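Residue numbers (the working numbering): 125 to 266.
Backbone N, C-alpha and C define an ideal beta-carbon position, used for all residues, glycine too.
Quantities reported herein were computed from a predicted structural model and do not represent experimental measurements.
Everything below concerns the one structure shown next.
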Amino acid sequence: MIKPNTTPNDGETLPVRRGRVESIDLYEVKEDELDLLEKGSQATLQLNFSIFLFSIAFTSIAALATSDFKWKIIESVFTFVSLIGIILGAYYIISWRRTKTSITGVISTIRNRINEAPIQGQTPEKPETQPKKPENDKTPYG
125 MIKPNTTPND
135 GETLPVRRGR
145 VESIDLYEVK
155 EDELDLLEKG
165 SQATLQLNFS
175 IFLFSIAFTS
185 IAALATSDFK
195 WKIIESVFTF
205 VSLIGIILGA
215 YYIISWRRTK
225 TSITGVISTI
235 RNRINEAPIQ
245 GQTPEKPETQ
255 PKKPENDKTP
265 YG
């Protein structure tokens with residue numbers, strides 16, 4: 125018997141407890157979908173840059189509206205920063221809107237691969253012990 129707080133050795137068996145469930149849904153996921161779920165959409169980075177640039181632009185506009193600048197060059201720098209922030213922020217937000225791939229959309233696509241709900245009381249066929257060999261398979265093994 126395995127004692128608490130010890131790990132089983134190679135020769136010992138590990139007890140398994142199982143709670144029955146009525147059904148199990150298995151979803152097949154493509155590699156690009158898995159990558160998107162893992163890393164998130166690349167469009168998210170564009171949205172983050174857009175928010176950053178708009179924040180800087182509106183802060184510069186607020187500084188221009190509420191301050192008297194002693195030197196004209198500083199006022200020009202704030203004007204330049206606000207214009208560049210608005211232009212690049214608008215570019216990134218438009219680019220984000222065009223290329224965004226919603227994580228929820230990918231999950232919805234994956235979930236929609238199972239079309240019908242299982243009929244209650246119907247049990248699935250017993251799995252074969254050997255996988256079926258495709259008809260056009262010409263491999264020498266299996």
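Segment limits, alpha helix (DSSP H) that includes residue i
i	result
G209	196–223
C-alpha gap between residue i and residue j, whole angstroms
i	j	result
Q170	A214	11 Å
L295	N236	Outside the shown range of the chain, which is 125 to 266, sits residue 295, and nothing can be said about it.
G266	R142	Any answer about G266 is weak, because its pLDDT of 46 lies below 50 and its placement is not dependable; what the coordinates show is given next. If I take the Cα positions, the gap works out to 33 Å.
S174	K194	31 Å
G135	F176	58 Å
L207	A181	7 Å
D159	T137	36 Å
Residue i - DSSP class collapsed to helix/strand/coil
i	result
G164	coil
V230	helix
E157	helix
T183	helix
R239	The question names Arg, yet the displayed sequence has Asn at residue 239. Three-state result, N239: coil.
T190	helix
I175	helix
L138	coil
L169	helix
G143	coil
C-beta contact flag for residue i and residue j at 8 Å
i	j	result
G209	S191	no
V230	L161	yes
V153	I227	no
S147	K224	no
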